[in-house]
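Engineer:
See below:
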């Protein structure tokens, strides 16, 4: 067993860039153990600085290759980079081809890069729950940019994408991805489109499809400033076009700063997070209250017709509030 | 506009068997309007008597024909019958063939039968929410048996099935339903299996498949009494075998009475219902609390790093508890 460490100490050591402290903190928030609250409290004052970039797309579009290329480009700028892989097909999660894995390992030994694969096991919504906490750890550890890589299908992954200040949607030619993207609601969340594998047939058609779809939408921040997602072409495996993606991310960062969109997104995200934690804790307390016989007793009275379920719920809420 | 009626009055009139009072009460609980709590309170003392029978199966197995045949058989016994159709393909919901619709209409004019199609529109989990309330109405209205017809795929429909004291799973030959049933977890919830369209090829094979699957399971009540789901064959369109189904329902009712399984199921159901209402109300109050600026204020402090989301949740729960 590793010795129990004070969360405050761990945060200080994470800020110094000690990978083991970072890993330990993420494990603590992922496992949602008794120390979670102390960790969260210790992290809070050090969060809010990292630029959070989401990277999503269907399997096969080259997400992990693109993530790796982006990490390389950001490192060249001297930026400290965190990667959260919530993609079961990601080499970070250990699920991909050997070639990808090797490509990743170059970053794995770079002490300016923190890589963490988020476990998809556990209860439903587990990722939506643990990823924001892991993000806080990387943020507090001084990452300038945190890349969150996800497959981008399914609600929990869309929740994860919603953590990003800037969301990159990756597509590849000839996969019918344009249509898929529109279906999955991914079109609405994209701040930057990247057509990867742009040396393949059909890349220009994919770009045209996207342009048409974007022209149908209208995305404005509350003050009326508009952001039109750029459409970039890359061949991530050869590093082509990756600098342009980094430039687009920076350009979008400037826009969300100027337009107030960044604050709006972060406030909305914090609201969702607080609500989710609140509901989860109420649910947990319901269980505790149930364990203390209040719920079974109320259920008995409902079955006997002495009480209707709404009044029973009132009594339970009162018990939770005082619990 | 219909005049506002006192929920207590409506319940009295429903108990007298006035179809319009029953319909009005179900609308009130379905719409979850301000009168819902008064209705629930007025219903409570008159509930718990109806025998609740769930009828589920894939589209095409003949659920609506079987429901209609069962209603006929129960009416012959002089029983008052309620039908809740939560099946979009049901003729009760207006979605089926003309032949079925005509067959249903014979019951629609019978004042010993209440038929209600539950709206599948509205928010997620809407059916799981409104169906137990509608069931209470039919129960209080003096229905001896309430049949709940559902397609039996998807979580909300499984929730609905869990309302039943006795669940009939319907299959038809040659649809690969045996395997589908096992997949969907329907095997575990079946108290009675009915192979409908038993005049078709493959009926005996379906029965054999089911027997084999049942032999793999072991279903015992807490006191060790076992119930082995019978497998019956019907041709519902010609009324063949339907009396046997009614007998099996009665036999299962006797077993759940004797074994204590009925009480166990109803208590479990009441617990789930109270918990669901509690969580829903907490969620609603979170919205109210948010409207009163507590949530946005907490979110601001989290974004500013002054507060971690767990402590923010604590503050929100305190606000909800006192709300």
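Protein chains in written order, with my numbering: chain A, 1 to 323; chain B, 1001 to 1323. The beta carbon of each residue, even a glycine, is placed where N, CA and C say it ideally should be.
So with CB distances below 9 Å, who are the chain A contacts of residue 1271/B?
Structural biologist: 290, 295, 296, 298, 299, 302
Engineer: How many whole angstroms separate the CB atoms of residue 1053/B and residue 1147/B, which I take to be in contact at a CB cut-off of 8 Å?
Structural biologist: 5 Å
Engineer: Return the bridge partner residues of residue 166/A from the DSSP annotation.
Structural biologist: 53/A
Engineer: Taking Cβ-Cβ distances shorter than 7 Å, what residues in chain A pair up with residue 1286/B?
Structural biologist: 275, 278
Engineer: Evaluate residue 31/A with the Cβ neighbour count: other Cβ atoms within 10 Å of its Cβ, from every protein chain shown; 16 or more gives buried, anything less gives exposed.
Structural biologist: exposed
Engineer: Rounded to whole angstroms, how far is the Cβ of residue 1028/B from the Cβ of residue 1011/B, which I believe are closer than 8 Å?
Structural biologist: Not a contact, Cβ separation roughly 11 Å.
Engineer: What runs of the alpha helix (DSSP H), each 4 residues or longer, lie entirely inside the stretch 194 to 255 of chain A?
Structural biologist: 203 to 216
Engineer: Can you give the Cα-Cα distance for residue 8/A and residue 16/A, rounded to whole angstroms?
Structural biologist: Taking the straight line joining both Cα atoms gives about 13 Å.
Engineer: Using the Cα positions of residue 1221/B and residue 70/A, report the straight-line distance between them to the nearest angstrom.
Structural biologist: A caution first: residue 1221/B carries a pLDDT of 49, below 50, which makes its placement in the model unreliable, though a value can still be read off. When rounded, the distance between both Cα atoms is 58 Å.
Engineer: Strictly by DSSP, which residues pair up with residue 115/A?
Structural biologist: Paired residue(s): 83/A.
Engineer: Would you identify the three-state DSSP class for residue 103/A, choosing helix, strand or coil?
Structural biologist: Residue placement at residue 103/A cannot be trusted, given a pLDDT of 48 that sits under 50; what the coordinates show is reported in the next sentence. Three-state result, residue 103/A: helix.
Engineer: For residue 41/A, which residues in chain B fall below 8 Å Cβ to Cβ?
Structural biologist: 1308, 1310, 1311
Engineer: Considering only the beta carbon of each residue, do residue 1083/B and residue 1116/B sit closer than 8 Å?
Structural biologist: In this structure, residue 1116/B lies closer than 8 Å to residue 1083/B by Cβ.
Engineer: Note down, in chain order, every chain A residue with its Cβ under 8 Å from the Cβ of residue 1267/B.
Structural biologist: Those within 8 Å of residue 1267/B in chain A are 296, 299, 300, 303.
Engineer: Tell me the DSSP secondary structure of residue 1147/B in three-state form.
Structural biologist: The DSSP-derived three-state label of residue 1147/B is strand.
Engineer: Keeping to the same chain, check which residues put their C-beta closer than 7 Å to that of residue 1231/B; ignore five residues upstream and five downstream.
Structural biologist: 1193, 1195, 1207, 1210, 1211
Engineer: Taking C-beta pairs closer than 7 Å, name the residues in chain B that residue 283/A reaches, listed in chain order.
Structural biologist: Chain order gives the chain B residues near residue 283/A as 1279, where near means a beta carbon separation below 7 Å.
Engineer: Residue 1074/B and residue 1145/B: beta carbons closer than 8 Å?
Structural biologist: Contact flag set, yes.
Engineer: Please state whether DSSP places residue 39/A in a helix, a strand or coil.
Structural biologist: Look at residue 39/A here: in three-state DSSP terms it is helix.
Engineer: Suppose the cutoff is 7 Å on Cβ atoms and the five residues either side in sequence are ignored; what does the same chain contact list for residue 202/A look like?
Structural biologist: Hits under 7 Å: 173, 174.
Engineer: Among 313/A, 315/A, 314/A, 301/A, whose alpha-carbon lies nearest the alpha-carbon of residue 1047/B?
Structural biologist: 301/A
Engineer: For residue 1060/B, count the other beta carbons within 10 Å of its own beta carbon; 16 or more makes it buried, fewer makes it exposed. Which is it?
Structural biologist: exposed
Engineer: Less than 8 Å between the CB atoms is what I'm expecting for residue 295/A and residue 1271/B, so what's the real figure, rounded?
Structural biologist: 6 Å
Engineer: What would DSSP say about residue 61/A, mapped onto helix, strand or coil?
Structural biologist: coil
Engineer: Which residues in chain A sit within 8 Å of residue 1044/B, going by Cβ to Cβ distance?
Structural biologist: 302, 305, 306, 307, 308
Engineer: Assign residue 171/A to one of three DSSP states: helix, strand, or coil.
Structural biologist: strand
Engineer: Is it true that the CB of residue 1278/B sits closer than 8 Å to the CB of residue 313/A?
Structural biologist: yes
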